[in-house]
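Have a look at the structure below, then the notes.
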Amino acid sequence: MGWSASVGVKQVPKREVRYVSRKILVIDYESCTGCHLCELACSIKHEGVFNPYLSRISVLTKPEIQTSTPVYCLQCNDAPCARACPVNAITFNDRTGAWEIDYGRCIGCRECAYACPFGAIKLNVTAEPIKCDLCGGDPECVKVCPHNALIFGSEDEVIRELQKRKSVGVVYSLYEKGSQSLPGNRVREAEEAVKTLYGIWAKRKDLNI
Amino acid sequence: MYGWGGNVIYVDLSREKVSIKPLDPSEAKMFLGGRGLNSYRLFKMVKPGIDPLSPDNVLVIGNGVLAGTPVGQTSRTHISTLSPLSGILGDGNAGGEFSATLKFAGYDQIVITGRASKPTYIWIEDDHVELRDATSLWGLKMGELVDALRDLHGDDISVAGIGPAGEHFVRFATTMIDKYHSGARGSGAVWGSKNLKAIAVRGTKGVEVANPEKFYELAKEDLDYFKKNDFVKKIYRVIGTHYGLLQWYPGWKYFEKYLGPEDLPPGLRPQDFARFEVGRTQCYSCPIACKDVYHLPRWNETGTSSEFEALYALGANNAVTDTEAVLKMEHMADEYGMDVITLGDTLAMAKKLYEKGIINDTDTGGIPMKWGDAETQIKLIEMIAYREGFGNKLAEGYRNFAKLIGPEALEYSYDVKGLSRGWYHVDFFNGIFTLAHATSTRGADHLRGRSWAYWENDLNMDANVVKAMLDAGLPDYRKDPVGSLIWSERACTLADSLGRCKGSINTWPQAVPLVWKYPIFKGLAMLLTAATGVEYTEESLIEVADRIYLIEMAFNYRQGIKKKHFAVPFPPEIKNTPKIKEEMKRHWEMVDEYLERRGCDVETTAPKRETLKKLGVEWVADEIEGKEFPEWDGPPLWELNKYPSGR
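Structure (structure tokens):
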């Protein structure tokens, strides 16, 4: 009996090692500008072509108003797709931390796609379900994201990173700037950019080309 | 075909016929795509002496050879036609998602001829191409049009189309892509004259490349360069092209003076525009994201991508310092589908003429043309889009408007081959500014080579790249301005043919992929070889660029461009000063040297047969040699009451 139980605080189960060491792919939605590079990277890695319709990650965009929402598999702890699969073709890979489809067993019924609460399972040209497998533990989309909107790492690292980025919107310049920004900060950022530009010009005078 | 989409769509609107033909591999190899393939198609299909607004004109829309791949910034759709604004080659490119989507559907080019009997739009879904009735879409502004088509076909489509300005044959109406990306030189009026409102595409086939591993590796390297670059991170993503307000000397009150970084009035500084910014956005596969999203509380409207050109032309050049109003005008130009540079410069010229007493209240229909009067200017922009009242005259476009007023007004038209020179500086960079305006194949222009001929912008990004390029044999503009310009024109021609963006940072690394690692075109050759499977080398790419450029020069020669049209005008107040005379003397010497080095006839400017033969396009010489073409004097103008007007 620990101290918490004696004062009536809810007992939380201890974190299992699996979740501490497991790496997850998360997204900082505010940083995504909707360039679709992750889709192209995903499809070349998995299918050998550049085709957003065969990508495991989809970015829903309305570029003109900057709403970009990447949709991808969040690798749920208790995955509805695995539960819904009638032939148990979806299993958790302990090594990579991803739910993977065993295409040898898959019967192509699409139940997993219907069950997914995020719409993260797509169907390819032959109507087979396709989903993110974290590229076997080294996701390609993370490497091309120009604004670092996709973050891959252990749960602790990633949550810490998110905390820093989100706080930037509130406490400007406490950490290096993410992309989230309040309207008042934009003016300040613009002023800083102008200052940087003057700095570049000054340095340019010393160049001997 | 690897790399390319592999098919070309031919649409004959008069006969309501659509045919899909495979892309000829030798054409593709010789002209790449985008601007190159478009210019070639135009030269073959447009007959000299036709009216740009007649059904005889041809509208060609093409994506670059690298569209739809993760090589960054390759999402420009190139739109080429015989320009109703200038009467010569008119081409421009626009960003957005159209070119990638068209490539995913398996096409490289859409060629449109004839005139539809009723408003029409083209619906493309992979192999299915269909002409559809657009009666209910006619009259919609760009935002409404794209939303309406998304409702019909789903939100994963991309749309190219025109707003009311194109429908009313405004001579500087643009082709708009996905609401707010615009491609200039008056192609929008050609859409209108063809009764064509929009093209909507969905593509699900994707792009295959010849050597995926190698190609992807090179593409990632190029992306990383921009991802890590400090200038991109700290300036470009924050204020976008607004930094040009400080660096590029915007004109004030119709080029009365040029504003240095310290002279910018409050209201026109980058930090003033940041007040209205609510987000940033970009085109397909771009790592930079230079476009701002702004919200205007006064009108409760949201728009995107206020570029430097819009802010200088509609703001500084008209002496408007009301930040929100300048953004509103930019937004209106996008919604109606008009080119901001020509729009702003035409309005500024009208104000200058009014000030000089060359036009008066009778001409303007009682509208006072005062500097800095934002409210009237907003009203005028609407009148231009619908060709109402004085707007009908202004809608004829920069030089054509002056021509309409008379020879006295023409003195104030600072144009080369019909296009406004935009902001310029008299004595910048060894005469490259003036020379580049003269040699551009679509009229005075800052994106045909000018900005690449000197290193002002490159030094912002990376001084090491400049050193590496000089070592690799790029001519130094201080010693050899003509050579420097020819090289930069090559870079721009290739960039346009790849679909690569040049506009945002105006630097070599942006226009030419991998130039920072393998100068000058070696990296690009590696990339293209990996993408297409066709062996390209630096030398063969130079040939491609020169081939495209000379075909364009031949096209303009056929439209009646003579050597005297390589002249560059200056304001009447300074044109006879010794300084400008000296400048002009040097200018003509450089024009001669330029034509000589390009392999053109120094007297007539026509490309020589031997040059064309060397580039493998001797048939072009058959079209122009020994023929007389009537001298160019702008496009044929219609009587003002013949245009569609009103709402």
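Residue numbers (the working numbering), protein chains in the order written: chain A, 38 to 246; chain B, 694 to 1340. Even for Gly, the Cβ is constructed at its ideal location relative to N, Cα and C.
Please report the residue range of the alpha helix (DSSP H) in which B:L1036 lies. 1033-1049
If distances are taken between C-alpha atoms only, which option among B:T806, B:L938, B:R1092, B:R1193 comes closest to B:T762? B:R1193
Residues of chain B with a CB under 7 Å from the CB of A:K203: which are they? Those do not exist, as A:K203 stays about 16 Å from chain B at its closest Cβ, beyond 7 Å.
Please confirm whether A:Y66 has its beta-carbon closer than 7 Å to some beta-carbon of chain B. no
Euclidean distance between Cα positions of B:W1325 and B:P777: 13 Å
Proximal residues of chain B, C-beta to C-beta of A:K180 below 8 Å: K913
Alpha helix (DSSP H) segment containing B:G694, residue limits: The sequence shown places Met at residue 694 of chain B, not Gly. Taken as a continuous stretch (DSSP letters only), B:M694 belongs to no alpha helix (DSSP H), as it is neither H nor E.
Let me make sure I understand the geometry here. Which of B:M1022, B:P745, B:N700, B:Y814 has the alpha-carbon closest to that of B:D801? B:N700
Where DSSP assigns a beta bridge to B:H821, which residues make up the other side? B:E818
Looking at the structure shown, is B:A1224 part of a helix, part of a strand, or coil, going by DSSP? helix
Look up B:H988 in the DSSP assignment and give the residues it is bridged to. B:T995
Backbone CA spacing between A:A230 and B:F908 [nearest angstrom]: 34 Å
Are A:E137 and A:D175 touching if we call contact CB-CB under 7 Å? no
Using a Cβ-Cβ distance under 7 Å, would B:G698 count as near chain A? no
Just checking: is the beta-carbon of B:K920 within a distance shorter than 7 Å of some beta-carbon in chain A? yes
Ignore the nearest five residues each way along the sequence and tell me which others in B:A1006's own chain have a CB closer than 6 Å to its CB. V1033, I1034, G1037, D1038
Any contact between the segment 1095-1107 of chain B and the segment 1010-1019 of chain B? By contact I mean 3 or more CB pairs, one from each, below 8 Å. no
Excluding the five sequence neighbours on either side, which residues of its own chain have a C-beta within less than 6 Å of the C-beta of B:I1051, listed in chain order? E1101, A1102
Using a Cβ-Cβ distance under 7 Å, would B:E1028 count as near chain C? Looking for chain C here will not work: the only protein chains present are A and B.
In angstroms with no decimal places, state the Cα-to-Cα distance between B:P812 and A:Y151. 41 Å
Assuming contact is defined by CB atoms lying nearer than 7 Å, are B:G729 and B:K796 in contact in what I supplied? no
Got a sec, what are the start and stop residues for the alpha helix (DSSP H) B:F791 sits in? 791-797
Run through chain A and tell me which residues come within less than 8 Å of B:A982, C-beta to C-beta. T70, C72, P183, H184
With a threshold of 6 Å (Cβ to nearest heavy atom), would B:A760 be considered close to the ligand GTP? The model on display carries no ligand, and the ligand GTP is accordingly not part of it.
Just curious, the beta strand (DSSP E) that B:W1201 is in, first and last residue? Premise fails: B:W1201 lies in the alpha helix (DSSP H), 1201-1204, not in any beta strand (DSSP E).
With a cut-off of 7 Å, does the C-beta of A:I246 fall near any C-beta of chain B? yes
Here's the rule I'm using: 16 or more other beta-carbon atoms within 10 Å means buried, otherwise exposed. How should B:R708 be labelled? exposed
Inter-residue CB distance, B:L1020 and B:G1058 (contact presumed, cutoff 8 Å): Actually they do not touch by this definition, with Cβ atoms about 27 Å apart.
What in chain B is Cβ-close to A:Y90, meaning under 9 Å? F797, D849, G896, T897, K898, G899
Beta-carbon gap between A:V108 and A:G156 smaller than 7 Å: yes
Taking C-beta pairs closer than 9 Å, name the residues in chain A that B:I932 reaches, listed in chain order. E226, A227, A230, V231, L234
Unbroken beta strand (DSSP E) run spanning A:W136, endpoints: 135-138
Using beta-carbon positions only, say whether B:L1191 and B:V758 come within less than 7 Å of one another. yes
Round the Cβ separation of A:C110 and A:H184 to the nearest angstrom and send it over; I've been treating them as touching at under 8 Å. That pair is no contact at about 21 Å.
Quick one: residues in its chain with C-beta nearer than 6 Å to the C-beta of B:Y1107, no 5 flanking neighbours on either side, listed in chain order? R1114, P1262
So that I know if they touch, is there some Cβ in chain A lying closer than 7 Å to that of B:A893? no
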